[in-house]
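Numbered according to UniProt numbering, the sequence shown terminates at residue 400, and the numbering increases by one at each position without gaps. Ideal Cβ positions, reconstructed from N, Cα and C, are used throughout, including at glycine. Here is the structure we will look at.
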Amino acid sequence: EARLFPQRPLKDFHALVTAGPTHEAIDPVRYIANHSSGRQGYAIAEVLAELGACVTLVSGPTDLPVPPGVERVRVSSAQEMLAACEAALPVDIAVCVAAVGDWSVAQVADEKLKKLGGAPPSLTLKENPDILATLSKAGPLRPRLVIGFAAETNNVLAHALEKRQRKGCDWLVANGVGAGTNVFGGQRNRVTLLTGQEEESWPEMSKFDVARRLAQRISDYFSSLSI
Ligand code: CTP
Ligand code: CA
């Protein structure tokens with residue numbers, strides 16, 4: 174088999190990728206989740222491994238197979254995802270692609286909630302930790318390059334610029350997921366890369382091509398530092 178990247182430009186680099194949704198338990202049989210197939214994150218993990226990086230993929234629940242050469246850690250909730258990410262540090266590169274649930278249920282029921290003919294239960298939610306922001310502010314353990322993703326339904330660029338600032342990540346990959354787009358569960362994606370220096374709109378391409386192009390940018394970034 175011909176190797177795509179014979180020089181393995183990311184050899185000796187450690188990368189952490191988050192992918193997939195999280196499941197926030199309501200009771201033993203129910204949960205709150207986000208739409209996410211995990212495909213974009215899995216593709217990024219796979220391509221970074223092809224480039225020679227040692228990749229830990231922290232994944233929420235998906236049916237996807239483990240990409241070749243990648244170490245996958247399976248988690249369910251946002252809290253577990255954060256713990257698994259912290260356990261993977263130190264890394265050089267972090268790419269947060271997961272659709273992390275923003276809230277979890279304050280009091281998870283030990284037993285299945287029953288309808289019993291009464292009023293529907295009210296759930297009190299609490300905010301989940303922000304994994305991307307935590308990694309971006311991890312002090313001496315901060316990865317050298319932290320990349321976030323932002324799926325927006327409207328005002329994609331404005332929200333993305335604000336999000337990059339607020340989270341403290343280096344790069345942000347923004348994509349529109351509003352009506353008429355078919356990103357969730359689909360094979361294709363159309364993104365804008367915000368690096369702080371520039372805003373680059375990429376044409377629509379497969380999620381694998383987004384992964385290849387992003388991984389190439391990452392490898393170019395590190396080679397530009399070492400010249
Ligand atoms: N993210 C994360 N942990 C969270 C929430 C989000 O790591 N608890 C990461 C996602 O993986 C993604 C980025 O932050 O890389 C942006 O996620 P998004 O949901 O768009 O950001 P939020 O701050 O949650 O904003 P919103 O209110 O638009 O959902
Ligand atoms: Ca969110």
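- For P240, the three-state secondary structure derived from DSSP is coil.
- Fewer than three pairs of CB atoms, one per stretch, sit closer than 8 Å, so the segment 237-256 makes no contact with the segment 280-296.
- Ligand 1 has a heavy atom closer than 6 Å to the beta-carbon of V273.
- Secondary structure within the segment 199-238: the alpha helix (DSSP H) runs of 4 or more consecutive residues, fully enclosed, are 212-223 (chain order).
- Remark: C-beta atoms of S392 and P182 approach each other more closely than 7 Å.
- The Cβ neighbour count for A260, taken over all protein chains shown within 10 Å, is under 16; the residue is labelled exposed.
- Residue environment analysis places P313 among the exposed positions, since fewer than 16 neighbouring C-beta atoms fall within 10 angstroms of its C-beta.
- By the Cβ neighbour-count rule, N362 is buried, with 16 or more other Cβ atoms within 10 Å of its own.
- Annotation for A218: V190, V228, L230, P240, V243 place their beta carbon closer than 6 Å to its own, counting only its chain and skipping 5 residues before and after.
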